[in-house]
Structure formats: structure tokens, C-alpha cells
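**Student:** Chains as they are written, first to last, in our numbering: chain A, 1 to 161; chain V, 162 to 322.
For each residue, glycine too, the CB sits at the ideal point set by N, CA and C.
Keep in mind the model is a prediction, meaning the values are calculated, not measured.
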DNA sequence: TTTGTTGCAAATCGTTTGCAAGCTA
DNA sequence: TAGCTTGCAAACGATTTGCAACAAA
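1) Could you list the residues in the stretch 283-312 of chain V with a C-beta less than 7 Å from some C-beta on chain A, going in chain order?
2) Would you say the stretch 60-70 of chain A touches the stretch 109-127 of chain A, given that touching needs at least three Cβ pairs under 8 Å?
3) Just tell me which of A:89, A:104, A:103 has its CA closest to the CA of residue 97 of chain A.
4) Output, in chain order, the set of chain A residues within a Cβ distance shorter than 8 Å of residue 272 of chain V.
5) So residue 46 of chain A is in the alpha helix (DSSP H); what residue range does that whole segment cover?
6) Are there 16 or more other CB atoms within 10 angstroms of the CB of residue 99 of chain A, so buried, or fewer, so exposed?
7) Mind checking if residue 157 of chain A is an interface residue toward chain V, Cβ cutoff 7 Å exclusive?
8) Tell me, please, which residues DSSP counts as bridged to residue 121 of chain A.
9) Verify the CB distance criterion: does residue 120 of chain A have a CB-CB separation below 7 Å to chain V?
10) Please list the partners that residue 315 of chain V has in chain A, where partner means a Cβ-to-Cβ separation under 8 Å.
11) Exposed or buried, residue 219 of chain V, counting other C-beta atoms within 10 Å across all chains shown (16 or more means buried)?
12) Determine, using beta carbons only, whether residue 93 of chain A comes closer than 7 Å to chain V.
13) I need the straight-line Cα distance from residue 223 of chain V to residue 216 of chain V, nearest angstrom please.
14) Given a cut-off of 7 Å, decide if residue 135 of chain A and residue 312 of chain V are closer than it, judged by their beta-carbon atoms.
15) Decide if residue 322 of chain V is buried, meaning its Cβ has at least 16 other Cβ atoms within 10 Å, or exposed.
16) Looking at residue 292 of chain V and residue 306 of chain V, is the spacing between their C-beta atoms short of 7 Å?
17) Where do the N-terminal and C-terminal ends of the beta strand (DSSP E) with residue 261 of chain V fall, by residue?
18) Within the stretch 285-319 of chain V, note down every full alpha helix (DSSP H) run reaching 4 residues or more, in order along the chain.
19) Exposed or buried, which one is residue 5 of chain A when buried takes at least 16 other CB atoms within 10 Å?
20) Can you check whether the CB of residue 200 of chain V is closer than 7 Å to the CB of residue 235 of chain V?
21) Using CA atoms only, rank isn't needed, just tell me which of V:225, V:189, V:284 is closest to residue 246 of chain V.
22) Classify residue 154 of chain A as buried or exposed, calling it buried when 16 or more other Cβ atoms lie within 10 Å of its own Cβ.
23) Whole-angstrom Cβ separation of residue 141 of chain A and residue 186 of chain V, contact assumed at under 8 Å?
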């Protein structure tokens, strides 16, 4: 990608997103990967999203754009960003994956409404603590964890029935 | 399935498994479903397993048997048993599902070794408590949850490196 | 130029489904 | 017998991959 295009993209993004894209660019260079138009466009879109998304949803975002991006490329970029540690993959029990970007987004767990799919994030230091303990008690060295609570949100908890 | 066959299966199973199969049979009848040879064989096998398994693994168990069972049937039975509340489905981040039977098997969470796949079960009432609280605080009515801790077990935590 | 990247379509892989033949009740 | 089940193969849906054309360094 030539410098003009790259700057064109960078100029219209907010500072926070810009920094994250910078981090991504550096990762690409470090790995001997190339900084392409599609990679920057997808990264920009992802860092601008402040909720969970799917590969399909991301693809959707580019549907009516002048810059269309193929499904294969979307998946390939998602994969790179996960390796780069910029993106986290989630399994919410569906048969497709959810993603969310990590930078400026501290660790948290999820509560998912099984009716409408609404996702709420939360953290409880005490739970984190206890997990750490449980792993240690069982001789494990924690590398990560995923805690998903399933239930029905206010709007969908029919109190009657 | 005729009574003889059914008894033949029942007679060689341990009491606990027998009771669980009984529960399954009752569920089938209640739902107007039929008690078939394959359903009993698969149920018996499942209730005899005391660890997590996959559809593929279960199928494997019948590979060299006189009573072969098709992949489609395996999946159909798994689905029924999940609906019956006798089997729990798990998503351990792999692209296939894990199952474990529930009867005589209280709720618990999992610690999974990312190197060897070893799965350890644990429960911490305090964590359960805190989750309940977190959901309530966010206006959710909990219907279930899944807590998976990923890490490396003693044998695979290379202390160096 | 050299080497990595893209888009396309075909391939995978776990899981599901249509359908004719076979059981259960 | 009537109605559910089974096995088989084909269908699915998300994700991956081979390959020729193309862009970045």
C-alpha cells in the first residue's frame, strides 16, 4: 500500500484507533508480513468496533463499500490479529466464533442473554482470584480462562409462566 | 427392541448405570419416542464413561463392535439426551463439542491443559455465589454458565523457558 | 525483482437432514 | 398396521486452502 492511501486511512480515524493500527503495523513488519490496503481497512474497522462481532458480521460491514474485501481475506486477517494478541476469540456456544479487540479493553467475563443475544461484560476481582487459586490447587499454571454466564436479561425474563 | 435384548443389555451393566438408563427410557416413553436397540446401547456406553467425550470418540467405541451404530444415529441420540437433561454439552474452544453425562455428577467447572488436553473438574462455591451476584447486578436471571480455565498441567509446565 | 497477499472457487470438517427400508408399540 | 428410527449419502455452514493474478518492499 502506498503512503498516500495509508495516510488517507489514518487521517480519518480517531487517535485511539490510530495507535492501535500502529501497533498492528509494527507487528506485521516485525513478522515480515506486508502492510496492505485490506489489512489496514479491516484493522481500522475492528478497532473502531466497541462490541463483539463475528467474521460474517465484519464481512457484512464491507458489503456495500467501494473497498470490498473477500471472505477468505477477512478470515486470514482475523487469524493474524489473534496471533498478534490484538484480538480475542470467544466461543459463546454458537457454531461460529465471536471476536473483540483487546487493546484498551481490559480482561472481563461475559453474561449472555440466551433470548436476544445481548452480551454484558463484567469483572469480579474476587472471582479472578479464586480461579487463580483453583488452578494452583490442581497443579495448573493458568494461561487464560473463559467465564460465560448464560441467562435472560431483564427484557426477556418473563416473570410469569 | 424386544424385552430379551433389553434385559441382556441391562443385566451386564452396573446398578448405577442401570438406573440412569431407566431414567432415559422413561424420558423416551414420556416423549412418545421409542426404546430402540441403538438408543440403549449408546446410553449404556455413555453412562459408563466417567469422563468427557466427543461424538467422534463415542462413534469410535462402536467401531469394532458387532453392533455398529451410524454416525447420524450417534448425533441424534446425543441430541435427545441433551434435551432430556441427561447430558451436558461443552465448548472447550475446539471446533467440536465435548459431552459428559450429568446424573450422579454434580455441577462443576473445568481446568483444561492446553498441551495434553487433560481435563480436571473443580467447584468453588464462592465462585458460584459471586457469579449469581454478578448476574443479578446486571439484571440477568441465570440459566447456566460455563467456566473454563486454560493452562498447563504439572507435567507440561516447563519451568524453564 | 522477489516474496507475500488477494480473490475465487473448491475443499474441509463437524454436524444435520432427506429418504427408503426397518423396527417398535 | 401406524409412526418413529435407522443408515446412507447428500447437504450444510463456518472456516480453510490451492492457485494464478497482483501488490508491497
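**Tutor:** The structure says:
1) 283, 285, 287, 288, 291, 292, 295, 296, 299, 300, 301, 302, 303, 304, 305, 306, 307, 308, 309, 310, 311, 312
2) no
3) A:89
4) Here the neighbours are 134, 135, 138, 140.
5) For residue 46 of chain A, the uninterrupted alpha helix (DSSP H) segment begins and ends at 37-48.
6) Residue 99 of chain A is buried by the Cβ-count criterion.
7) Yes, residue 157 of chain A lies at the interface with chain V (some Cβ there is under 7 Å from its Cβ).
8) A:110
9) yes
10) Below the 8 Å Cβ cutoff, chain A contributes 139, 140 as neighbours of residue 315 of chain V, in chain order.
11) Classification for residue 219 of chain V: buried.
12) yes
13) 11 Å
14) yes
15) Note that residue 322 of chain V scores 40 on pLDDT, short of 50, meaning its location in the model is unreliable and no value can be drawn from it.
16) yes
17) 259-262
18) 286-298
19) exposed
20) no
21) V:189
22) exposed
23) The C-beta distance from residue 141 of chain A to residue 186 of chain V rounds to 45 Å, too long to fall under 8 Å, and the pair is not in contact.
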